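Only one structure is covered here, and it is reproduced in the block below.
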Amino acid sequence: MANKLSNHHGGWIIIGTFVLAALFTVLPLPDWLEAYRPEWVALVVIYWVMALPDRIGLLAAWIAGFFIDVLEGSLLGLNALALALVAYLALSLYQRMRMFTAVQQSSTILILVGIHQLLSFWVLTANSQNTAPNLIFMISALSSAIIWPFIFVALRYIRRSFQVT
Amino acid sequence: MLGLALLSMVMMLADSRFDYLSSVRFYASYLITPLHWLSDTPRAISDSVNNNMQSRSYLIGESQNLKDQLLQQQYQLQKLGHLEAENRRLNELLNASTIVEERTVNAELTGESPDPFTKRVLINKGSNQDVFVGQPVLDAFGLMGQVVDVEPFASWVLLITDPQHSTPVQINRNGNRAIATGTQDSLQRLELNNISDTFDVMIGDVLVTSGFGGRFPAGYPVGVVSNVVHDPGAPFATVIVEPTAQLDRSRNVLLVFK
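Each protein sequence line maps, in turn, to chains A and B. Anchor point for the first sequence: position 74 equals 74 in my numbering, and the numbering is continuous, going up by one each time. Anchor point for the second sequence: position 200 equals 200 in my numbering, and the numbering is continuous, going up by one each time.
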């Protein structure tokens, strides 16, 4: 994704994790589960920003978001903006987040994904695509926070076993 | 960050208000199409397993049922052909515009929008099969929605029960016209807009497309009135319509070409 310097390895692995996250984003779910779907791509963005902040940053997040927009058929630029914002916040927090315990990390994820959701919600409302006057859209921030420790361990395992730097 | 934010906002504006970015989306979706296929594979596998594991007696029974159904419908078609010809003759006598013959093409539902606030589905035909934006989509029971976004090998269909979608309808019984709009809460619920208390509508009335607005051909079933509430305090009556199309179950849909 980012510029491929000689000391970087495993760019395809990073892209692969994004593709997998995108796949989980559109995998059909029963209607009642739909609102609980974690923001997979946001989680993957946050992980790679934490792990390789010199490599995955705003631009990578923005491009990933752009393709999510095409994939979901949503407003072009909506997810791009939200994910770039998440990456921006994660970039300013990553040194602290690396020191956090699992619970602290999860609560940070709750805030970050919550901001992601809120921003998407605002844009959709401004575009009058959204008339839901409730907080259901925040549930996925909660499920993202709950699933984060597992994602973190899984992605760390991938990063270490493929020596992505 | 500011630059990217600005870029995204300009893109969103261009996408929602103008039509500049449809080609960008179109070409980017070439890269995305494999993901659509991949996300559909669990369903495809379970379908093919189901198909291959049916017992002989079940298949014989099903085939018998389908034959019976076919016979019934052919019988009804005989009458329909006569009626259609008669209708056309009468229309010609009245010098009214002739009814256009419509051609339909089968498509299959392959996905659903992950956004819980919109009711959009993905079908497996795209611009390579001449699908166009605004094309009506039906299932075996009635109107499902219209195509809103076309990709090379897939297209997005906005269902008639989406809160952003309105369908011009008329009541089959008396020809009264109205507009049916989707609702936020349920997939199987439409409401008629601005219906005065004196409007002649009853529970059980069948609504069909009126053909107004030029988007949907006239005469396709849309829904059945399931409830009419006259609240003296409200300016309009609340008319609840249940769509006849099986929006939550139909896998096989029809695209209408003129």
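We treat Cβ as the ideally placed atom computed from N, Cα and C, and that holds for glycine. Owing to the predicted nature of the structure, the values given are computational and were not obtained by experimental measurement.
Just to confirm, are residue i and residue j a CB contact at a threshold of 7 Å?
i: A/LEU23; j: B/SER210; result: no
i: A/TRP62; j: A/ILE109; result: no
i: B/LEU159; j: B/LEU35; result: no
i: B/GLY111; j: B/LEU122; result: yes
i: A/VAL113; j: A/LEU71; result: no
i: B/VAL253; j: B/VAL131; result: no
i: B/GLY134; j: B/ARG56; result: no
i: B/SER29; j: B/GLU108; result: no
i: A/SER166; j: A/LEU43; result: Given a span of 1 to 165 for chain A in the structure shown, any question on residue 166 of chain A remains unanswerable.
i: B/VAL241; j: B/ALA180; result: yes
i: B/VAL256; j: B/THR104; result: yes
i: B/TRP156; j: A/GLY73; result: yes
i: A/LEU170; j: A/ASP69; result: The structure shown does not extend to residue 170 of chain A, since chain A is modelled only from 1 to 165, so the question has no answer here.
i: B/PHE153; j: B/THR41; result: no
i: B/SER8; j: A/LEU81; result: yes
i: B/SER113; j: B/ARG120; result: yes
Taking 7 Å as the CB-CB limit, is residue i close to chain B?
i: A/ASN79; result: no
i: A/ALA22; result: yes
i: A/ARG98; result: no
i: A/VAL26; result: yes
i: A/ALA42; result: no
i: A/GLU34; result: yes
i: A/LEU142; result: no
i: A/LEU118; result: no
Note down, in chain order, every chain B residue with its Cβ under 8 Å from the Cβ of residue i.
i: A/ASN127; result: MET12, SER16
i: A/TRP122; result: In chain order: nothing, as chain B lies at least about 11 Å away.
i: A/ARG55; result: Chain B residues near A/ARG55: none, gap ~17 Å exceeds 8 Å.
i: A/ILE136; result: PRO116
Can you find a CB in chain A that lies within less than 7 Å of the CB of residue i?
i: B/ILE32; result: yes
i: B/ALA44; result: no
i: B/ASP149; result: yes
i: B/ARG25; result: yes
i: B/SER127; result: no
i: B/SER8; result: yes
i: B/LEU21; result: yes
Which residues in the same chain as residue i place their Cβ atom closer than 8 Å to its Cβ, once the five residues preceding and following it in sequence are excluded?
i: B/THR268; result: This structure cannot settle anything about residue 268 of chain B, because the visible part of chain B is limited to 1 through 258.
i: A/GLY57; result: ALA2, VAL49, ALA87, LEU91
i: B/TYR20; result: ALA14
i: B/GLY142; result: TYR220, PRO221, VAL222, GLY223, PRO243, THR244, ALA245
Give the DSSP-derived three-state secondary structure of residue i in the structure shown.
i: B/ASP68; result: helix
i: B/PHE117; result: coil
i: A/SER107; result: helix
i: A/PHE121; result: helix
i: B/GLU62; result: helix
i: B/ASN52; result: helix
i: A/PRO149; result: helix
i: A/ILE56; result: coil
i: B/ALA140; result: coil
i: B/PRO226; result: The sequence as given places Ser at residue 226 of chain B; Pro does not occur at that position. Of the three classes helix, strand and coil, the one that applies to B/SER226 here is strand, per DSSP.
i: B/PHE199; result: coil
i: A/ASP31; result: helix
i: B/GLY233; result: coil
Find the residues of chain A that neighbour residue i, judging by a C-beta separation of less than 7 Å, and give them in chain order.
i: B/TRP156; result: GLY73
Run through chain B and tell me which residues come within less than 7 Å of residue i, C-beta to C-beta.
i: A/TYR88; result: MET1
i: A/TRP62; result: LEU4
Less than 6 Å between C-beta atoms, sequence neighbours within five positions excluded: which residues of the same chain meet that for residue i?
i: B/ARG249; result: none
i: B/ARG177; result: GLN170, SER210
i: B/ASN193; result: ILE179, THR181
i: A/VAL123; result: LEU78
Strictly below 8 Å CB to CB, what residues from chain A border residue i?
i: B/ALA28; result: PHE66, PHE67, VAL70
i: B/GLY111; result: VAL26, PRO28
Leaving out the 5 sequence neighbours to the left and right, which residues in its chain are closer than 7 Å to residue i when beta-carbon positions are compared?
i: A/PHE162; result: GLY10, ILE13
i: A/LEU29; result: ARG37
i: A/ILE139; result: ALA35, TYR36
i: B/VAL229; result: ALA237, THR238
Would you say the beta carbon of residue i is closer than 6 Å to some non-hydrogen atom of the ligand FAD?
i: B/ALA218; result: Of ligands this structure carries none, so the ligand FAD is not represented either.
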